[in-house]
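Below is one structure; the comments refer to it alone.
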Amino acid sequence: DAGVIQSPRHEVTEMGQEVTLRCKPISGHDYLFWYRQTMMRGLELLIYFNNNVPIDDSGMPEDRFSAKMPNASFSTLKIQPSEPRDSAVYFCASSGTPGSNEQFFGPGTRLTVL
Amino acid sequence: LAKTTQPISMDSYEGQEVNITCSHNNIATNDYITWYQQFPSQGPRFIIQGYKTKVTNEVASLFIPADRKSSTLSLPRVSLSDTAVYYCLHWGGSSYKLIFGSGTRLLVRP
Numbered sequence: 013d014a015g016v017i018q019s020p021r022h023e024v025t026e027m028g029q030e031v032t033l034r035c036k037p038i039s040g041h042d043y044l045f046w047y048r049q050t051m052m053r054g055l056e057l058l059i060y061f062n063n064n065v066p067i068d069d070s071g072m073p074e075d076r077f078s079a080k081m082p083n084a085s086f087s088t089l090k091i092q093p094s095e096p097r098d099s100a101v102y103f104c105a106s107s108g109t110p111g112s113n114e115q116f117f118g119p120g121t122r123l124t125v126l
Numbered sequence: 002l003a004k005t006t007q008p009i010s011m012d013s014y015e016g017q018e019v020n021i022t023c024s025h026n027n028i029a030t031n032d033y034i035t036w037y038q039q040f041p042s043q044g045p046r047f048i049i050q051g052y053k054t055k056v057t058n059e060v061a062s063l064f065i066p067a068d069r070k071s072s073t074l075s076l077p078r079v080s081l082s083d084t085a086v087y088y089c090l091h092w093g094g095s096s097y098k099l100i101f102g103s104g105t106r107l108l109v110r111p
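The listed protein sequences correspond, in order, to chains A and B.
Note that my numbering gives residue 52 to position 40 of the first sequence, counting from 1, and the numbers run on in steps of one.
Note that my numbering gives residue 41 to position 40 of the second sequence, counting from 1, and the numbers run on in steps of one.
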């Protein structure tokens, strides 16, 4: 398996633009997590899905952020409109073991909002 | 309020044993304590997890006291390639939120 795949790896955009980050989890994994990492706040869980259903989105910063998982092999995290404070590395992770915290992380998307 | 704390940084030398402790004052009763390793420009990588007492795998050991309010990751005989940031992870008790510790930056010197 290729592991968790994220695209793009780098994204530079201007304030106000829409940004869409993509994730393909490991095949067979039922859980998918979106994280944001910054120097100031560390690793933060934004939202996670189980069997394509959002379970907890309380970490999503505000209404500008939205996430979807239309099927078991694809998820998106969208920011509209983007702001400079959204600049961070966004990680997607998947897990296939209920009750376990063993997650497999993607390489991340480094987002820069100018 | 669930609070998870780790030392910001630690220094060591090759061949030494390194112990990194994470304090988690409000951990979920039936949840694992998990540790991750992260290298620059990479996503975190799972190292080990446990529920209580001691767990050992090929790369590390994890010690968890009976009250589960802390855990200690033990890396035996570290090498230069162990230089990384180490995070503990658990589900917070009352709020049941997934919580990453702030991370411990380990520097292994020759």
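Ideal Cβ placement from N, Cα and C applies to all residues, glycine included.
> What span of residues does the beta strand (DSSP E) with His-22 of chain A cover, start to end?
Replying inline: Start and end: 22-25.
> Would you call the segment 33-47 of chain A and the segment 108-126 of chain A in contact, with 3 or more CB pairs under 8 Å?
Replying inline: yes
> Contact check, Glu-23 of chain A vs Val-31 of chain A under 8 Å by CB: the rounded distance?
Replying inline: Here Glu-23 of chain A really is in contact with Val-31 of chain A; their C-beta atoms are around 6 Å apart, less than 8 Å.
> Using 8 Å as the limit for Cβ to Cβ distance, is Gln-43 of chain B near chain A?
Replying inline: yes
> In terms of residue numbering, what span does the beta strand (DSSP E) encompassing Met-11 of chain B cover?
Replying inline: 10-14
> Quick one: is Thr-35 of chain B near chain A, going by C-beta distance under 8 Å?
Replying inline: yes
> Does Ser-112 of chain A come within less than 8 Å of chain B when only Cβ atoms are used?
Replying inline: Using beta-carbon distances, Ser-112 of chain A counts as an interface residue toward chain B, with a partner under 8 Å.
> Between which two residues does the beta strand (DSSP E) carrying His-41 of chain A extend?
Replying inline: No beta strand (DSSP E) contains His-41 of chain A, which DSSP labels as neither H nor E.
> So, is Ile-91 of chain A buried or exposed, given that buried needs 16 or more other C-beta atoms within 10 angstroms?
Replying inline: buried
>> Using only CA atoms, which one of B:Asn-20, B:Gly-16, B:Glu-15, B:Ser-10 lies nearest to Ile-153 of chain B?
In response: In the structure displayed, chain B extends from 2 to 111; residue 153 of chain B sits before or after that span and is not available.
>> Cutting at 6 Å between CB atoms, please list the residues of its own chain near Ser-10 of chain B, excluding the five before and the five after it.
In response: Arg-106
>> Can you look up Asp-75 of chain A in the DSSP assignment and give me helix, strand or coil?
In response: Coil, per DSSP.
> How big is the Cα-Cα spacing for Glu-74 of chain A and Asp-68 of chain A?
Replying inline: Near 14 Å, if we compare the C-alpha coordinates of Asp-68 of chain A and Glu-74 of chain A.
> Can you list the residues of chain B that Leu-58 of chain A reaches, using a CB-CB cut of under 9 Å?
Replying inline: Simply none; closest approach about 10 Å.
> Curious, which full-length beta strand (DSSP E) runs of at least 3 residues does the segment 40-66 of chain B contain?
Replying inline: 46-51, 54-57, 62-65
>> Using only CA atoms, which one of B:Leu-108, B:Tyr-87, B:Arg-110 lies nearest to Gly-102 of chain B?
In response: Comparing Cα positions, the closest option is B:Tyr-87.
> So which residues on chain B does Gly-28 of chain A lean against when the C-beta distance must stay under 7 Å?
Replying inline: Going along chain B, no residue has its Cβ under 7 Å from Gly-28 of chain A, so there is no contact; the nearest lies around 28 Å.
> Residues of chain B with CB under 9 Å from Phe-103 of chain A, in chain order?
Replying inline: Gly-44, Pro-45
>> Run through chain A and tell me which residues come within less than 7 Å of Tyr-88 of chain B, C-beta to C-beta.
In response: Leu-55, listed in chain order.
>> I need the DSSP call for Ser-24 of chain B, collapsed to helix, strand or coil.
In response: strand
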